[in-house]
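Peer 1:
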Amino acid sequence: MLVWSDVAQAAPDESAVQAAFVLNFAKFTEWPPAGQPARQSAMQLCQFGVRDELTQAFRALEGRSLQGAPIQWRKVSRLDEARGCHVLFVAEAGLSLVQLGGLPVLTVSDLPGFAQQGGVIGLVRQSGRLRFEVNRGVAQSAGLRLSADLLSLAMTVFDGSARHEGTL
Amino acid sequence: MIGRVLHHMSLRTKLSLVVIASTLMASLLLFVVVTLLEYHESRHRVEERAQGLARVLALNVRAPLSFEDAAAARRVLDGLGAVPEVRWAALLDAQSEVFASYAFKAGVLPAKLDIHRWAVTTEKSAAGPLVYTAERVLVDGAVVGHLVLCTDTAPAFSAMLAEAALVLVGAAVIGLLASAAAVKVQDGMVLPIARLADVMHEVSRSHLYTTRVETHRRDEVGGLYDGFNLLLGELEARDVVLSRQQARLFTLAHTDAVTGLSNRHHFRLQLDEALTRVSQHPFAILCLDLDRFKMVNDALGHDVGDLLLKLVGQRLTSVARQADLVARLGGDEFAMIVQDVSDPLEVRSLADRVLAALCASVDIEGLTVPMGVSVGVAMAPRDGSQPDLLLKNADLALYGAKAGGRGRACFYDIGMSAGVVRRLQLERALRSAITLEQLSVVFQPQVDLASRAVTGFEALVRWRHPQLGDVRPDEFIAVAEDAGLINEIGAWVLEQACRVAVTWAPHLSVAVNLSAVQVMTQDLPLLVGRVLAETGLSAGRLEVEITESVLLNETEATLAQLHALNRMGVRIALDDFGTGYSSMAYLRRFPFDKLKIDRCFVKALTAESDTRVIVHAIIDMAAGLRMKTLAEGVECEAEMAALREEGCAEVQGYLVSRPLRVEAIGPFLAEWTASQGATAETGEAMGVVG
Chain E
27 MLVWSDVAQA APDESAVQAA FVLNFAKFTE WPPAGQPARQ SAMQLCQFGV RDELTQAFRA
87 LEGRSLQGAP IQWRKVSRLD EARGCHVLFV AEAGLSLVQL GGLPVLTVSD LPGFAQQGGV
147 IGLVRQSGRL RFEVNRGVAQ SAGLRLSADL LSLAMTVFDG SARHEGTL
Chain R
48 MIGRVLHHMS LRTKLSLVVI ASTLMASLLL FVVVTLLEYH ESRHRVEERA QGLARVLALN
108 VRAPLSFEDA AAARRVLDGL GAVPEVRWAA LLDAQSEVFA SYAFKAGVLP AKLDIHRWAV
168 TTEKSAAGPL VYTAERVLVD GAVVGHLVLC TDTAPAFSAM LAEAALVLVG AAVIGLLASA
228 AAVKVQDGMV LPIARLADVM HEVSRSHLYT TRVETHRRDE VGGLYDGFNL LLGELEARDV
288 VLSRQQARLF TLAHTDAVTG LSNRHHFRLQ LDEALTRVSQ HPFAILCLDL DRFKMVNDAL
348 GHDVGDLLLK LVGQRLTSVA RQADLVARLG GDEFAMIVQD VSDPLEVRSL ADRVLAALCA
408 SVDIEGLTVP MGVSVGVAMA PRDGSQPDLL LKNADLALYG AKAGGRGRAC FYDIGMSAGV
468 VRRLQLERAL RSAITLEQLS VVFQPQVDLA SRAVTGFEAL VRWRHPQLGD VRPDEFIAVA
528 EDAGLINEIG AWVLEQACRV AVTWAPHLSV AVNLSAVQVM TQDLPLLVGR VLAETGLSAG
588 RLEVEITESV LLNETEATLA QLHALNRMGV RIALDDFGTG YSSMAYLRRF PFDKLKIDRC
648 FVKALTAESD TRVIVHAIID MAAGLRMKTL AEGVECEAEM AALREEGCAE VQGYLVSRPL
708 RVEAIGPFLA EWTASQGATA ETGEAMGVVG
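If you read the protein sequences in the order shown, they are chains E and R. The numbering of the first sequence is the working numbering, which starts it at 27 and goes up by one. The numbering of the second sequence is the working numbering, which starts it at 48 and goes up by one.
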């Protein structure tokens with residue numbers, strides 16, 4: 027709650043809002059049994075690319091419980107480091123998502139066209155409000171189940187069959 | 048108050064009221080219970096629905112709330128438009144700020160504070176018709192907000208009320224139908240009872256115990272009817288017995304046993320009744336007295352007397368008209384009420400018919416019984432409008448009839464009262480004079496003129512009544528003759544005289560007067576024989592005196608009586624000679640022992656020479672017929688001297704002595720003998736000469 031209120035208070039801060047969104051996405055997502063955070067020691071919240079404000083916002087969430095496991099933040103500089111991540115926020119372009127293959131990683135990014143290009147959820151700012159796009163096909167191929175509520179709120183739902191070759 | 052009202056209600060109304068009241072009460076109770084249960088239930092349902100709704104909504108708004116998509120949240124809430132009972136809904140965020148809201152038909156949300164309260168308590172409340180339901184919005188186990196739902200129970204409740212009202216109406220209809228059925232059953236029970244009560248009242252009023260109630264029912268009511276009929280039958284039987292007894296008692300109380308006529312009691316009742324309508328229906332009463340009935344009764348016995356009374360009753364009834372009443376008042380008294388007559392002539396003709404029917408002698412059991420009746424008539428209202436006065440006046444008229452000679456009818460007349468009342472008084476008093484010892488016998492000496500010796504005494508009856516005083520013998524003897532009392536009195540005097548005479552010296556005789564009625568109606572030889580036997584007086588010392596009137600109605604029977612007495616040795620004197628009918632013929636036919644020269648001759652003896660001639664002739668004639676002569680009422684020496692000169696044998700009168708009481712006889716005889724001692728010789732000589 028405190029975190030939530032912090033985020034709300036930091037509304038003007040785009041990063042805090044994005045962090046809150048990421049957290050909420052995680053809440054409406056179901057991981058396959060092997061990759062469930064509760065089975066592991068922690069909920070891995072990973073970040074690719076440097077963005078300090080965001081990192082700060084993510085770290086503020088560390089230790090908080092998500093789906094029964096404490097949130098753990100770590101930085102990912104290569105894609106092979108992303109194994110074990112539950113959520114991967116892509117802050118910079120230059121990452122080939124196809125290498126993630128069928129790994130159950132919820133990829134989120136505010137890079138334009140992210141969901142269309144193989145990401146699971148892409149954040150989009152529209153009319154001053156932060157909204158999102160979802161690629162259900164990618165999520166399914168990654169073994170992730172996104173809540174219908176989440177899908178219903180998405181600006182656009184793509185049905186791309188799988189993560190495909192490309193670099194953001 | 049209610050108790051009194053209930054008390055006056057009919058059983059039927061009461062039962063109907065109870066049935067209707069209980070069914071209505073049951074309906075009402077059912078209604079209340081159903082309503083309460085329904086109310087509770089409906090509220091519960093509303094609450095449950097609201098809760099379920101809130102839960103679903105809370106799930107659906109998780110994402111919009113999480114991603115701050117107010118529009119999406121509103122879209123979810125707007126779905127409530129399909130649920131009209133939801134008044135409003137609010138989605139609160141973690142800070143309890145309204146994130147999205149919904150209001151039914153574009154209404155407004157209540158004050159913010161209100162919502163907060165529900166949000167904070169997160170409990171359902173059941174205050175009033177509104178139900179508040181708060182549901183937490185949970186995302187990943189964390190509360191991210193609240194959904195508050197305000198639901199109105201009123202629509203559900205009114206629907207429920209409508210249902211309950213339907214139940215009530217149904218219950219009332221069923222109740223009324225049940226009441227109607229119950230009333231119908233009651234009618235089968237109560238109406239026959241009411242009818243029975245009506246019949247009972249009717250029977251009590253009319254005493255028609257022949258009444259019966261009819262029913263074909265074989266249930267309890269039928270049993271009741273049968274029992275009632277049995278009771279009526281019993282009553283009827285008793286009523287018949289009672290009526291018979293009453294009739295018999297009435298007959299006994301109102302009928303004379305001997306004649307079968309009405310008795311005095313019934314006569315009085317009828318008289319009273321006739322007097323109540325006398326102004327429209329004048330009537331007459333006839334009082335009848337049989338002549339010489341007592342004689343018949345005494346001489347021929349009560350059986351003959353009763354037969355005579357019966358005969359008289361029959362004849363009176365045959366003379367009377369249908370409406371008239373014939374009654375026997377007692378003894379030989381009869382009475383009639385002659386209805387609707389005001390004309391004395393009419394009554395007179397009826398009275399004449401009565402007299403005609405009862406004038407002749409009748410034969411009863413082979414005996415010739417003399418019959419005769421005297422009738423007194425009083426007309427109502429002319430002669431009185433009170434029963435006692437009317438009866439008294441009819442009685443007076445009756446005595447008037449008797450006084451005027453028997454066998455007559457006499458109408459009451461205002462002038463007749465005084466004399467008749469006296470007569471009536473005397474008769475009534477005389478009836479009990481002997482038993483009350485008011486009568487006495489005195490003795491007047493009879494003296495031989497020649498020897499101046501006392502030869503005997505004439506017994507004379509005296510009556511002293513406590514109120515009427517001394518009544519003159521000629522007055523009460525006449526009454527006694529009329530009233531049929533003379534035989535009794537005569538017999539009594541005879542017995543008294545003989546009883547006294549037997550105590551005297553043997554040469555003294557006693558003379559007793561016999562009434563003409565006695566001679567005609569009494570068996571004198573029987574009477575005299577009995578008295579002589581009872582007293583022990585020898586027949587030769589008894590002399591009976593009869594008057595000329597006896598011989599006037601002379602019959603074979605009278606003569607036979609006198610001859611029989613004569614044969615017994617009783618001497619017979621002819622009293623009051625010369626005052627009667629002066630027919631000498633009968634002197635030949637009967638051998639009197641003595642002629643008593645009436646005092647009227649004695650009185651005139653010294654004054655009128657003609658009288659002296661008559662007296663002389665009487666004495667001569669008597670001597671020729673070998674009868675003694677005795678002069679009555681000698682009061683002075685001159686009379687005695689004249690009588691002695693004419694050759695009269697004996698004298699009687701105040702000159703010798705007044706009549707004496709029994710106890711005075713002894714002293715008188717002693718004194719007389721002493722005073723006459725000096726002239727005894729002379730007397731005897733004279734006697735011899737006479």
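The C-beta atom is built at its ideal place from N, Cα and C for all residues, glycine as well. Since the model is a prediction, treat every value here as computed from it, not as a measurement.
May I ask you to check if the CB of T594(R) is nearer than 6 Å to at least one heavy atom of the ligand MN?
Peer 2: The model depicted lacks the ligand MN and carries no ligand whatsoever.
Peer 1: If you check the beta carbons only, do D303(R) and F340(R) fall under 7 Å apart?
Peer 2: Cβ atoms of D303(R) and F340(R): not closer than 7 Å.
Peer 1: Going by C-alpha to C-alpha distance, which of F637(R), V649(R), M615(R) sits closest to G625(R)?
Peer 2: V649(R)
Peer 1: Less than 7 Å between the beta carbons of V19(R) and A120(R), yes or no?
Peer 2: An answer regarding residue 19(R) cannot be provided, because it is not within the stretch 48 to 737 covered by chain R.
Peer 1: Considering only the alpha carbon of each residue, which of A525(R), A586(R), S596(R) lies closest to G616(R)?
Peer 2: A586(R)
Peer 1: Rounded to whole angstroms, what is the Cα-Cα separation between L58(R) and M236(R)?
Peer 2: 10 Å
Peer 1: For L185(R), I'd like the list of residues in its chain whose CB is within less than 8 Å of its CB, leaving aside the five on either flank, ordered along the chain.
Peer 2: A105, R109, V191
Peer 1: Check whether chain R comes within 7 Å of N50(E), counting only Cβ atoms and requiring the distance to be less than that.
Peer 2: yes
Peer 1: Report yes or no: is there a C-beta of chain R within less than 7 Å of the C-beta of Q93(E)?
Peer 2: yes
Peer 1: Report yes or no: is there a C-beta of chain A within less than 7 Å of the C-beta of S143(R)?
Peer 2: Going by chain labels, chain A is absent from the structure shown, which instead holds the protein chains E and R.
Peer 1: My guess is that G120(E) and S135(E) are in contact by the Cβ rule of under 8 Å, so how many angstroms apart are they, rounded?
Peer 2: Actually they do not touch by this definition, with Cβ atoms about 12 Å apart.
Peer 1: Strictly below 7 Å CB to CB, what residues from chain R border F140(E)?
Peer 2: Neighbours of F140(E) on chain R: none; closest Cβ ~17 Å, over 7 Å.
Peer 1: Our contact map puts V102(E) next to L87(E) with C-beta atoms below 8 Å; I'd like the distance itself, whole angstroms only.
Peer 2: Not really, about 16 Å apart at Cβ, beyond 8 Å.
Peer 1: Under the three-state reduction of DSSP, which class applies to A244(R): helix, strand or coil?
Peer 2: helix
Peer 1: Determine the chain E residues that contact D125(R) at a beta-carbon separation under 7 Å, and present them in chain order.
Peer 2: By Cβ distance, chain E contributes nothing, its closest Cβ being about 14 Å from D125(R), past 7 Å.
Peer 1: Quick one: Cα of D199(R) to Cα of L177(R), how far?
Peer 2: 5 Å
Peer 1: Classify A548(R) as helix, strand or coil using the three-state DSSP reduction.
Peer 2: helix
Peer 1: Just curious, the alpha helix (DSSP H) that C695(R) is in, first and last residue?
Peer 2: It is not in any alpha helix (DSSP H) - C695(R) carries neither H nor E in the DSSP assignment.
Peer 1: Given a cut-off of 7 Å, decide if V409(R) and V416(R) are closer than it, judged by their beta-carbon atoms.
Peer 2: Contact annotation: V416(R) and V409(R) have beta-carbon atoms nearer than 7 Å.
Peer 1: Hey, is the stretch 305-313 of chain R in contact with the stretch 495-505 of chain R, meaning 3+ C-beta pairs nearer than 8 Å?
Peer 2: no
Peer 1: Roughly how many angstroms lie between the CA atoms of V597(R) and A525(R), to the nearest whole one?
Peer 2: 14 Å
Peer 1: Mind the definition here: the stretch 394-407 of chain R touches the stretch 340-357 of chain R only if three or more C-beta pairs lie below 8 Å; say whether that holds.
Peer 2: no
Peer 1: Give the C-beta separation of A137(R) and S148(R) to the nearest angstrom, bearing in mind that I take them to be a contact with Cβ-Cβ under 8 Å.
Peer 2: 4 Å
Peer 1: From R362(R) to M418(R), what distance separates their C-alpha atoms?
Peer 2: 12 Å
Peer 1: Mind pulling the chain E residues with CB within less than 9 Å of R183(R)?
Peer 2: What R183(R) touches in chain E: nothing, since even the nearest Cβ is about 12 Å away.
Peer 1: Taking the straight line between their C-alpha atoms, what separation do you get for S172(R) and R134(R)?
Peer 2: Because the pLDDT at S172(R) is just 49, under 50, the model does not fix this residue reliably, and the value given afterwards should be weighed accordingly. In a straight line, the C-alpha of S172(R) is about 15 Å away from that of R134(R).
Peer 1: Is the beta carbon of L333(R) closer than 7 Å to that of V424(R)?
Peer 2: yes
Peer 1: Taking 7 Å as the CB-CB limit, is L172(E) close to chain R?
Peer 2: no
Peer 1: Buried or exposed for G537(R), going by 16 or more other Cβ atoms inside 10 Å?
Peer 2: Buried, since its Cβ has 16 or more Cβ neighbours within 10 Å.
Peer 1: Since A696(R) and T720(R) should fall inside the 8 Å C-beta cutoff, what is the C-beta to C-beta distance between them, to a whole number of angstroms?
Peer 2: The Cβ separation is near 20 Å, so there is no contact.
Peer 1: Quick one: what does DSSP say H55(R) is sitting in, helix, strand or coil?
Peer 2: helix
Peer 1: Roughly how far, in whole angstroms, is the beta-carbon of A382(R) from the beta-carbon of E474(R), given that I think they are within contact range, below 8 Å?
Peer 2: The Cβ separation is near 17 Å, so there is no contact.
Peer 1: Near R509(R), what residues of its chain come up, given a Cβ to Cβ distance below 6 Å and the 5 sequence neighbours on each side ignored?
Peer 2: S487, V489
Peer 1: Pick from W57(E), V43(E), V164(E), Q44(E): whose alpha carbon is nearest that of Q70(E)?
Peer 2: W57(E)
Peer 1: Three or more C-beta pairs under 8 Å: does that hold for the stretch 204-217 of chain R against the stretch 74-91 of chain R?
Peer 2: yes
Peer 1: Of all the CB atoms in chain E, is at least one closer than 7 Å to the CB of R122(R)?
Peer 2: no
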